[in-house]
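*Asks:* One structure follows; several queries about it will come next.
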Amino acid sequence: MFNTIFVKPMGYILKWFCSIFGGSFPLAIFFFTLAINLVFMPLNIKQQKGNASQARMKNKMVKIKEKYYESDRNRYNDEMNKLYQESGTSTMMGCLLLFIRMPFFIAIYNVIRSPFTLMLGVNSTLVESAKAAFANIMNIADASTVTEHQLLNGLSKLTGSEFAPLHSAADGVNFTFFGINLTETPSFADGVSILWIIPLLSFLTSLLSAFVSSIMQKINNPGAPNTMGMMLMMPVFSLIIAFTVPGAVGLYWAFSNFISMIIMTAMQYLFAPSRTIAKLEAKEIRARRKVEEARMASFKQ
């Protein structure tokens with residue numbers, strides 16, 4: 006169900022990007038990732054404005070904590086929720102932005118595992134027939150264990166005319182990144198490999214993103230506790246995961262880290278909490294001034 010509703014459409018979008026960029030799958034992944042981030046840009050803007058609102062209501066939060074935190078925890082939670090509702094901010098927005106990439110991560114994983122059926126649009130019956138022929142050629146006892154990834158990399162062994170649609174579909178896409186086969190999965194078992202570059206890219210971009218995020222947190226909220234240690238968990242996690250999935254998935258993660266970091270920096274520049282707060286306060290002053298002028302005009306009449 007998930008493949009039909011979500012993964013296949015994502016696969017066809019990737020194929021469309023490939024057709025635009027001369028069949029380059031890495032470029033397709035990059036611009037696919039960029040498009041995803043642009044679609045969800047309003048959420049980034051909302052989060053950044055929410056950060057400004059939270060910074061602005063910090064004093065109110067301190068007063069509520071002093072008044073209710075120890076004596077009445079339920080009242081404290083109610084007052085805090087009320088404050089968040091009034092300000093239009095949500096503590097879940099950051100988590101949402103973090104996990105919103107996961108379905109796309111899963112989609113690319115599935116697409117690269119089954120490129121013929123989920124991206125290239127080859128009939129599944131023909132794919133199964135090709136798997137059986139490939140298993141026979143390679144002396145594999147159980148044809149059901151043959152993956153589309155294996156089929157893609159060993160396609161040259163299938164020379165029959167009935168397999169021409171497979172060759173035609175695969176010829177239109179280049180699954181390599183500077184000579185690295187993105188359909189392969191990095192492994193420690195085979196020793197040092199050029200494919201290790203992908204997990205390292207994923208780790209380094211995640212580490213850089215965490216570092217930039219930590220700096221911005223200090224700028225926006227100097228009194229906040231240092232969470233750099235917790236942020237380091239994500240780079241390590243991405244490194245481990247990138248060694249268990251095809252290179253294309255690790256590359257998507259690296260691109261996603263890089264693009265997210267650029268967007269985060271841009272949001273900080275365009276919607277810095279100090280600047281946003283100043284605008285909000287100036288707007289409130291103007292509103293109060295208009296009310297006061299209207300009251301004075303009414304009084305004179």
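FYI, this note's numbering numbers position 256 of the sequence shown as 261, with every residue one higher than the one before it. All C-beta atoms, glycine included, are put in the ideal place defined by N, C-alpha and C. Computed from a predicted model, the values in this text were never measured in an experiment.
(1) So which of 145, 137 and 295 has the shortest CA-CA distance to residue 165?
(2) Around the C-beta of residue 258, are 16 or more other C-beta atoms found within 10 angstroms, so that it is buried, or is it exposed?
(3) Check for me: the alpha helix (DSSP H) holding residue 139 runs from which residue to which?
(4) Count the other CB atoms within 10 Å of the CB of residue 72; is the residue buried (16 or more) or exposed (fewer)?
(5) Please list, in chain order, all residues of the same chain as residue 26 whose beta carbon is under 8 Å from its beta carbon, the five residues on each side excluded.
(6) So the candidates are 108, 143, 241 and 19; which of them puts its Cα closest to the Cα of residue 205?
(7) In the structure shown, what three-state DSSP assignment does residue 249 receive?
(8) Beta-carbon separation of residue 153 and residue 132 under 8 Å?
(9) Go to residue 38, then tell me how far its alpha helix (DSSP H) extends in each direction, as first and last residue.
(10) Would you call the stretch 246–266 and the stretch 210–222 in contact, with 3 or more CB pairs under 8 Å?
(11) Take the Cβ of residue 14 as the centre, count every other Cβ of all protein chains shown within 10 Å, and call the residue buried at 16 or more, exposed below.
(12) For residue 43, which residues from the same chain have a beta carbon less than 6 Å from its beta carbon, with the 5 sequence-adjacent residues on both sides left out?
(13) Can you list the alpha helix (DSSP H) stretches of 4 or more residues lying completely in the stretch 201–225, in chain order?
(14) Out of 176, 85 and 171, which one is the CA nearest neighbour of residue 66?
(15) Do residue 162 and residue 142 have their C-beta atoms within less than 8 Å of each other?
(16) Could you tell me which of 276, 106 and 116 sits nearest to residue 51, measuring between CA atoms?
(17) Let me confirm a value: residue 193 is counted as buried when at least 16 other C-beta atoms fall within 10 Å, else exposed. Which label applies?
(18) Is DSSP giving residue 9 helix, strand or coil here?
(19) With DSSP as the reference, please indicate the residues paired to residue 185 in a beta bridge.
(20) Output the distance between the C-alpha atoms of residue 219 and residue 236, rounded to the nearest integer angstrom.
(21) Tell me which residue opens and which closes the alpha helix (DSSP H) that residue 121 is part of.
(22) CB residue 247 to CB residue 170, shorter than 8 Å?
(23) Does the distance between the C-beta of residue 87 and the nearest non-hydrogen atom of the ligand GDP fall short of 7 Å?
(24) Within 10 angstroms of the Cβ of residue 150, are there 16 or more other Cβ atoms? Answer buried if so, exposed if not.
(25) Taking the straight line between their C-alpha atoms, what separation do you get for residue 126 and residue 47?
(26) So, helix, strand or coil for residue 145, using DSSP?
*Replies:* Quick look at the numbers:
(1) Translated into the one-based positions of the sequence shown, residue 165 becomes position 160. Of the listed residues, the one whose Cα sits closest to residue 165 is 137.
(2) Here the question's residue 258 lines up with position 253 in the sequence shown. When all chains shown are included, residue 258 counts as buried.
(3) As a first step, residue 139 must be located in the sequence shown, where it is residue number 134. Note, residue 139: alpha helix (DSSP H), 129–142.
(4) Within the sequence shown, the letter at position 67 stands for residue 72. Its Cβ having fewer than 16 others within 10 Å, residue 72 is exposed.
(5) Numbered from 1 along the sequence shown, position 21 holds the residue referred to as residue 26. Taken in chain order, the residues that qualify are 32, 33 and 36.
(6) The count along the sequence shown starts at 1 and reaches residue 205 at position 200. Comparing Cα-Cα distances from residue 205 to each of 108, 143, 241 and 19, the minimum goes to 241.
(7) Numbered from its first residue, the sequence shown carries residue 249 at position 244. Looking at residue 249 - three-state DSSP - the assignment turns out to be coil, as it is neither helix nor strand.
(8) Here residue 153 refers to the residue found at position 148 of the sequence shown. Here residue 132 refers to the residue found at position 127 of the sequence shown. Yes, the Cβ-Cβ distance between residue 153 and residue 132 is below 8 Å.
(9) Numbered from 1 along the sequence shown, position 33 holds the residue referred to as residue 38. Run containing residue 38: 30–44, per the alpha helix (DSSP H) assignment.
(10) yes
(11) In the sequence shown, counting from the first residue as 1, residue 14 sits at position 9. Counting C-beta atoms within 10 angstroms of its own C-beta, residue 14 has fewer than 16 neighbours from the protein chains shown and is therefore classed as exposed.
(12) Here residue 43 corresponds to residue number 38 of the sequence shown, with the count starting at 1. Once the five neighbours on either side are set aside, residue 43 has no close Cβ partner at all.
(13) The qualifying runs are 202–225.
(14) Here residue 66 corresponds to residue number 61 of the sequence shown, with the count starting at 1. Cα-wise, what sits closest to residue 66 is 85.
(15) Against the sequence shown, residue 162 aligns to sequence position 157. Against the sequence shown, residue 142 aligns to sequence position 137. It is a contact, given that the beta carbons lie within the stated cut-off.
(16) Position 46 of the sequence shown, counting from 1, holds the residue named residue 51. Closest by alpha carbon: 276.
(17) Reading the sequence shown from its first residue, position 188 is the one you call residue 193. It counts as exposed.
(18) Counting from one through the sequence shown, the residue named residue 9 turns up at place 4. Note: residue 9 maps to helix in three-state DSSP.
(19) The residue you call residue 185 lines up with position 180 of the sequence shown. Answer by DSSP bridge pairing, in chain order: 182.
(20) The sequence position of residue 219 within the sequence shown is 214, counting from 1. The sequence position of residue 236 within the sequence shown is 231, counting from 1. Cα to Cα, the separation comes out at about 8 Å.
(21) For this step, residue 121 is matched to residue 116 along the sequence shown. Residues 120–123.
(22) Position 242 of the sequence shown holds residue 247. Position 165 of the sequence shown holds residue 170. No; because the gap between Cβ atoms is not below 8 Å, this pair is not in contact.
(23) With respect to the ligand GDP, the structure offers nothing, as it holds no ligand at all.
(24) As a first step, residue 150 is located in the sequence shown; it is residue number 145 there, counting from the start. Label assigned to residue 150: exposed.
(25) As a first step, residue 126 is located in the sequence shown; it is residue number 121 there, counting from the start. As a first step, residue 47 is located in the sequence shown; it is residue number 42 there, counting from the start. Looking at the two C-alpha atoms, the distance is approximately 33 Å.
(26) Indexing the sequence shown from 1 puts residue 145 at position 140. Three-state result, residue 145: coil.
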